[in-house]
Amino acid sequence: MNKSVEIGHHTSQQYNHELEDVRNLLLQMGGLVESQLAKALKALLEHDSELGEEVAFSDYKVNQLEVEIDEQCARIIARRQPAASDLRLLLSIIKSITDLERIGDEAEKIARHAIRTNDLNSGKLNASLRHLGDHVREILRESLDAMARMDSPQALRVARSDSQIDQEFDLLSRQLLTHMMEDPRTIQDSLNVTWCARSLERIGDHCKNICEYVIYFVEGKDIRHINLSRQAGKEIAASQTAPETVPQRLPAGLDPDPDSIQS
Amino acid sequence: MSFATTSLDTGMTKQPHSSTETAPGNMRRATTAPLDIETVVEELKELPQPVGMPLLDDPKYHTRDVSVFYNETKQAIFNVDLDIGRNEVIAMIGPSGCGKSTYLRCLNRMNDTISGCRVTGELLLDGEDVYARSQDPVLLRARVGMVFQKPNPFPKSIYDNVAYGPRLHGLANNRAELDEIVEDSLTKAGLFKEVKDRLNLPGTGLSGGQQQRLCIARAIAVSPEVILMDEPTSALDPIATGIIEELIDTLRQSFTICIVTHSMQQAARISQRTAYFHMGYLVEVNDTNTVFTNPEHLLTENYITGRFG
Amino acid sequence: MNKTTATIRAGLARRYARERRFRRFGLGAIIVSMLFLFILLFTIFSQGVSGFSQTFIKLDVVLDEATLGVGPGATGEQLRNAGFAKAISQSLYTLFPDVSSRSDKRNLRALMSSNAPYRLMGIVMDDPSLLGQTYSGWFLADDDIDTYLKGHVDRSLPETDRRLKDQTLGWIDRLEAEGRIEKRFNTEFFTNNDSREPEQAGILGALMGSFFTMLVTLLLSFPIGVAAAIYLEEFAPKDNWFVDLIEVNINNLAAVPSIVFGLLGLAVFIQLFGVPRSTPLVGGLVLTLMTLPTIIIASRAALKAVPPSIREAALGMGASRVQTVFHHTLPLAMPGILTGTIIGMAQALGETAPLLMIGMIAFILSTPEGITDPATVLPVQVFLWSDSPERAFTEKTSAAIIVLLGFLILMNLLAVLFRKKFERRW
Numbered sequence: 001m002n003k004s005v006e007i008g009h010h011t012s013q014q015y016n017h018e019l020e021d022v023r024n025l026l027l028q029m030g031g032l033v034e035s036q037l038a039k040a041l042k043a044l045l046e047h048d049s050e051l052g053e054e055v056a057f058s059d060y061k062v063n064q065l066e067v068e069i070d071e072q073c074a075r076i077i078a079r080r081q082p083a084a085s086d087l088r089l090l091l092s093i094i095k096s097i098t099d100l101e102r103i104g105d106e107a108e109k110i111a112r113h114a115i116r117t118n119d120l121n122s123g124k125l126n127a128s129l130r131h132l133g134d135h136v137r138e139i140l141r142e143s144l145d146a147m148a149r150m151d152s153p154q155a156l157r158v159a160r161s162d163s164q165i166d167q168e169f170d171l172l173s174r175q176l177l178t179h180m181m182e183d184p185r186t187i188q189d190s191l192n193v194t195w196c197a198r199s200l201e202r203i204g205d206h207c208k209n210i211c212e213y214v215i216y217f218v219e220g221k222d223i224r225h226i227n228l229s230r231q232a233g234k235e236i237a238a239s240q241t242a243p244e245t246v247p248q249r250l251p252a253g254l255d256p257d258p259d260s261i262q263s
Numbered sequence: 264m265s266f267a268t269t270s271l272d273t274g275m276t277k278q279p280h281s282s283t284e285t286a287p288g289n290m291r292r293a294t295t296a297p298l299d300i301e302t303v304v305e306e307l308k309e310l311p312q313p314v315g316m317p318l319l320d321d322p323k324y325h326t327r328d329v330s331v332f333y334n335e336t337k338q339a340i341f342n343v344d345l346d347i348g349r350n351e352v353i354a355m356i357g358p359s360g361c362g363k364s365t366y367l368r369c370l371n372r373m374n375d376t377i378s379g380c381r382v383t384g385e386l387l388l389d390g391e392d393v394y395a396r397s398q399d400p401v402l403l404r405a406r407v408g409m410v411f412q413k414p415n416p417f418p419k420s421i422y423d424n425v426a427y428g429p430r431l432h433g434l435a436n437n438r439a440e441l442d443e444i445v446e447d448s449l450t451k452a453g454l455f456k457e458v459k460d461r462l463n464l465p466g467t468g469l470s471g472g473q474q475q476r477l478c479i480a481r482a483i484a485v486s487p488e489v490i491l492m493d494e495p496t497s498a499l500d501p502i503a504t505g506i507i508e509e510l511i512d513t514l515r516q517s518f519t520i521c522i523v524t525h526s527m528q529q530a531a532r533i534s535q536r537t538a539y540f541h542m543g544y545l546v547e548v549n550d551t552n553t554v555f556t557n558p559e560h561l562l563t564e565n566y567i568t569g570r571f572g
Numbered sequence: 573m574n575k576t577t578a579t580i581r582a583g584l585a586r587r588y589a590r591e592r593r594f595r596r597f598g599l600g601a602i603i604v605s606m607l608f609l610f611i612l613l614f615t616i617f618s619q620g621v622s623g624f625s626q627t628f629i630k631l632d633v634v635l636d637e638a639t640l641g642v643g644p645g646a647t648g649e650q651l652r653n654a655g656f657a658k659a660i661s662q663s664l665y666t667l668f669p670d671v672s673s674r675s676d677k678r679n680l681r682a683l684m685s686s687n688a689p690y691r692l693m694g695i696v697m698d699d700p701s702l703l704g705q706t707y708s709g710w711f712l713a714d715d716d717i718d719t720y721l722k723g724h725v726d727r728s729l730p731e732t733d734r735r736l737k738d739q740t741l742g743w744i745d746r747l748e749a750e751g752r753i754e755k756r757f758n759t760e761f762f763t764n765n766d767s768r769e770p771e772q773a774g775i776l777g778a779l780m781g782s783f784f785t786m787l788v789t790l791l792l793s794f795p796i797g798v799a800a801a802i803y804l805e806e807f808a809p810k811d812n813w814f815v816d817l818i819e820v821n822i823n824n825l826a827a828v829p830s831i832v833f834g835l836l837g838l839a840v841f842i843q844l845f846g847v848p849r850s851t852p853l854v855g856g857l858v859l860t861l862m863t864l865p866t867i868i869i870a871s872r873a874a875l876k877a878v879p880p881s882i883r884e885a886a887l888g889m890g891a892s893r894v895q896t897v898f899h900h901t902l903p904l905a906m907p908g909i910l911t912g913t914i915i916g917m918a919q920a921l922g923e924t925a926p927l928l929m930i931g932m933i934a935f936i937l938s939t940p941e942g943i944t945d946p947a948t949v950l951p952v953q954v955f956l957w958s959d960s961p962e963r964a965f966t967e968k969t970s971a972a973i974i975v976l977l978g979f980l981i982l983m984n985l986l987a988v989l990f991r992k993k994f995e996r997r998w
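Protein chains in written order, with my numbering: chain A, 1 to 263; chain B, 264 to 572; chain C, 573 to 998.
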């Protein structure tokens with residue numbers, strides 16, 4: 001594999017430092033978002049409204065980082081005219097931070113629910129929510145990990161596992177629906193849980209986006225809006241076993257297929 | 264874990280191919296060994312075949328296995344296979360001494376003037392062998408115009424500069440026709456408005472950018488099919504450069520343009536395809552968009568991102 | 573102030589002192605060479621200027637039939653045999669009636685140059701109506717008189733040590749008192765050929781000889797030199813041992829002593845090809861050999877100075893190599909080539925040694941009218957005169973040198989003007 005995904009080794013040391021800086025900021029932002037989500041979930045599940053308030057309050061830090069990274073990227077683009085992998089890195093970062101910021105927002109939403117619904121009491125729902133939350137946290141962690149190591153196989157794996165989140169969410173939704181039909185008094189609680197679950201599901205989607213950016217950066221291919229399991233999965237899986245490939249511009253397998261485009 | 268040391272040596276490689284456009288057996292992309300420049304260059308020397316899409320259907324120039332030697336001992340370019348399409352702007356980039364200018368000068372046999380220079384391989388212009396014994400360099404150079412790095416108008420009037428080619432080849436029967444050719448060429452080069460009142464003043468009195476446009480006007484006055492440009496803007500300021508680049512884009516309608524440039528941004532701005540040369544080898548030829556967003560070859564990547572090697 | 577600055581500052585005074593010293597050396601060198609040049613020019617001019625003037629004596633010549641032996645209406649043939657010498661002598665005797673002895677009379681006649689009768693004849697032939705009348709005009713004095721009047725004879729010396737005796741000096745004093753003797757601008761210097769008599773010697777023959785020789789040299793060396801330079805610079809294969817050999821030889825030829833070319837000319841042109849000796853033709857051939865390396869080297873330098881971008885532009889337009897040379901390179905190199913040629917010609921104009929070998933040192937009394945007439949050239953004329961015993965030839969020598977220098981300066985000026993006028997920027 002000749003593709004270089006290193007940041008260093010530019011003739012300009014200053015350029016190396018600038019890219020290193022922006023990458024570190026990104027990792028810092030990822031870490032911050034991760035802890036925000038963890039705290040929000042904890043606050044929600046343990047009815048800790050104080051922690052919830054802290055999370056809601058801390059969201060500004062995420063926003064600040066987003067602005068800072070954006071500025072840094074703009075500076076680099078203006079001054080260095082990055083090309084190829086550097087260009088893809090910066091594009092991935094710019095896009096990733098939007099998703100990270102959204103994840104931060106979702107975490108804040110969950111935290112606000114935690115502040116309001118400190119009498120959420122259904123153990124069963126709670127358990128489902130906890131399960132979903134853990135899963136989403138796991139995915140977020142793995143996404144950030146893939147991003148930190150620029151590990152496209154892992155990113156692909158994570159992106160694919162997003163569908164499990166969706167399934168879990170559907171399951172939880174049905175569960176809640178049943179719940180609400182059984183006992184209309186729980187509708188308020190159930191709706192709250194639904195909102196939180198919805199947020200978690202959205203976070204899963206954002207994680208998937210981040211993974212796609214990682215793949216874009218490493219592979220130079222945009223795999224968004226392509227049915228991952230059916231198409232790109234085959235591509236990347238196949239390329240892992242085939243030692244010899246012949247380069248070509250647009251791999252046939254990645255041609256946008258109208259049937260497989262996700263809505 | 265640091266980004267800087269992470270290279271994807273986990274075996275991730277390219278997708279399988281469905282195109283038969285390029286020759287099979289390209290080893291360079293499939294190494295699983297850690298990436299270092301020496302290895303890549305060694306591989307390049309073993310199998311000097313460019314990645315990307317060097318070959319086209321119905322090309323203007325068809326060149327195969329072109330090698331250039333200076334004084335028998337020094338080989339300047341190695342087995343270059345490249346097609347140049349009709350009405351395309353192809354940019355040749357690469358570090359100094361990589362052979363891009365040498366290759367360009369093969370296309371209109373300007374290398375003939377350098378003693379001890381020998382060209383081997385197949386170079387066809389519209390199917391005609393450029394280096395054939397029957398090929399007349401004078402006719403060839405009338406068909407393939409050239410613009411040089413340093414604006415080099417003749418120390419004559421602006422009019423005479425443009426009229427030189429048509430006079431040389433007897434393209435105008437009378438003064439009126441010649442006037443028309445001169446005006447037409449200057450207009451195409453975007454210079455006519457600026458110089459129409461001083462056609463009889465020396466061309467060397469113009470500004471650098473105007474001189475270069477005068478040279479372009481001079482080149483297109485004989486209606487060539489191809490225009491070769493050897494770093495045409497390296498001596499110009501950004502404004503003049505911009506004007507020339509804009510001009511190149513309009514000239515593409517009527518001519519095939521090969522441009523050698525040291526400015527990667529320029530190659531990115533004006534070309535449809537980009538060819539990257541390294542140490543005399545053609546490394547990669549690709550759609551310019553691909554080269555500048557997602558080059559296939561490590562050496563290309565390193566060059567356009569400004570890395571060591 | 574850091575350490576580096578301190579070190580540099582400490583050394584500054586020494587550095588500047590060295591610089592001043594060097595500048596003074598340079599200035600000194602220039603002053604010395606200017607001084608020598610000044611001395612040279614001063615000597616030449618102080619001696620030479622008087623060479624342009626000559627002493628004339630006014631005589632009233634009675635052109636009657638008794639003296640001349642021909643009367644009015646005489647034919648040219650008769651006039652040529654007429655006694656003009658007698659008429660001149662008569663007029664002298666009339667001026668100094670007290671001279672009676674034969675030896676004194678001979679001394680008296682020696683006041684006049686030997687060409688006075690011929691001059692008188694010329695005047696009369698131009699205007700035959702003068703016959704039978706008295707003609708009053710200025711006639712050349714003998715060179716001894718001229719030398720004396722120019723202050724080169726010390727009167728205080730005993731009479732036996734002088735060329736002019738007291739008697740003659742007395743006559744001169746009398747003539748001076750009567751206003752019959754004066755120094756006038758010597759037009760004959762430019763219209764006469766060489767002569768044994770210094771007062772009659774002129775440089776016309778040498779000038780014409782130089783002109784024809786230069787003509788031959790120019791016509792041969794310019795086209796050959798430029799063609800050779802063009803071939804070597806534009807067409808000859810580079811890195812070819814044969815071409816390198818030629819180049820080395822041309823450069824060496826420029827340093828070959830000029831007399832060697834003379835020997836070559838003698839052996840090849842005169843002995844082998846039978847070119848007539850002492851002629852501008854053979855002189856021009858020899859000087860061509862000598863000038864060629866200079867012209868070739870200068871022309872090559874001028875061609876090399878034409879930027880290669882111009883050649884590339886022309887070739888890129890589809891011009892052939894010959895077209896490239898004649899449309900662009902040569903016109904651009906022409907000022908340099910002309911400068912080199914003029915300098916080479918100036919060098920040839922001042923050359924003596926090789927011409928001695930091919931007989932251009934002969935004493936020629938007639939003006940050459942073509943390239944095959946025997947001739948001498950200016951520098952050789954200078955050499956000849958400087959070798960003559962008569963005191964009066966010294967100033968002739970200097971005068972000829974001044975003329976030669978004048979031509980050289982003119983040619984160099986021309987070279988500078990050419991360069992200035994055609995110099996182009998690109």
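From the three backbone atoms N, C-alpha and C, an ideal C-beta is built for every residue, glycine too.
Residue i at chain A interface by Cβ criterion, 7 Å
i                : result
Arg532 (chain B) : no
Asn552 (chain B) : no
Nearest to residue i (by Cα), restricted to the options the options
i                : options                                   : result
Leu577 (chain B) : B:Lys363, B:Asp328 and B:Ala426           : Nothing in the structure corresponds to residue 577 (chain B), since chain B is present only between 264 and 572.
Asp105 (chain A) : A:Ile94, A:Gln64 and A:Arg174             : A:Gln64
Ser359 (chain B) : B:Tyr544, B:Leu462, B:Asn552 and B:Leu561 : B:Tyr544
Val304 (chain B) : B:Leu562, B:Pro487 and B:Ile567           : B:Leu562
Interface flag, residue i vs chain B, CB-CB below 7 Å
i                : result
Ser263 (chain A) : Its pLDDT being 36, under 50, Ser263 (chain A) is placed unreliably in this model, and the coordinates cannot settle the point.
Met906 (chain C) : no
Gly888 (chain C) : yes
Ser960 (chain C) : no
Leu220 (chain A) : Sequence check: residue 220 (chain A) is Gly here, not Leu. At least one chain B Cβ lies under 7 Å of Gly220 (chain A).
Asp259 (chain A) : Unreliable positioning characterises Asp259 (chain A) in this predicted model, as indicated by a pLDDT of 42, which lies under 50. The coordinate reading is nonetheless provided below. No - not a single Cβ of chain B is within 7 Å of the one on Asp259 (chain A).
Glu805 (chain C) : no
Distance, residue j Cα to residue i Cα
i                : j                : result
Glu748 (chain C) : Met983 (chain C) : 43 Å
Leu45 (chain A)  : Gly569 (chain B) : 51 Å
Ala808 (chain C) : Val815 (chain C) : 7 Å
Ile869 (chain C) : Val828 (chain C) : 14 Å
Gly623 (chain C) : Gly978 (chain C) : 15 Å
Arg768 (chain C) : Met697 (chain C) : 25 Å
Leu454 (chain B) : Leu434 (chain B) : 21 Å
Val55 (chain A)  : Met150 (chain A) : 29 Å
Asp134 (chain A) : Ser128 (chain A) : 10 Å
Interface partners of residue i on chain A, CB under 9 Å
i                : result
Pro317 (chain B) : Neighbours of Pro317 (chain B) on chain A: none; closest Cβ ~11 Å, over 9 Å.
Within chain C, the residues that residue i reaches when beta carbons sit closer than 9 Å
i                : result
Arg404 (chain B) : Leu887, Gly888, Met889, Gly890 and Ala891
Tyr422 (chain B) : Within chain C, no residue comes near Tyr422 (chain B); the closest Cβ sits about 15 Å away, beyond 9 Å.
Within chain A, partners of residue i - CB distance below 7 Å
i                : result
Pro558 (chain B) : Ala84
is_contact[residue i, chain C] using C-beta, thresh 7 Å
i                : result
Ser517 (chain B) : no
Interface partners of residue i on chain B, CB under 8 Å
i                : result
Asp811 (chain C) : Asn334, Ser378 and Gly379
> Counting pairs of beta carbons, one from the region 186-205 of chain A and one from the region 77-90 of chain A, are three or more of them closer than 8 Å?
Replying inline: no
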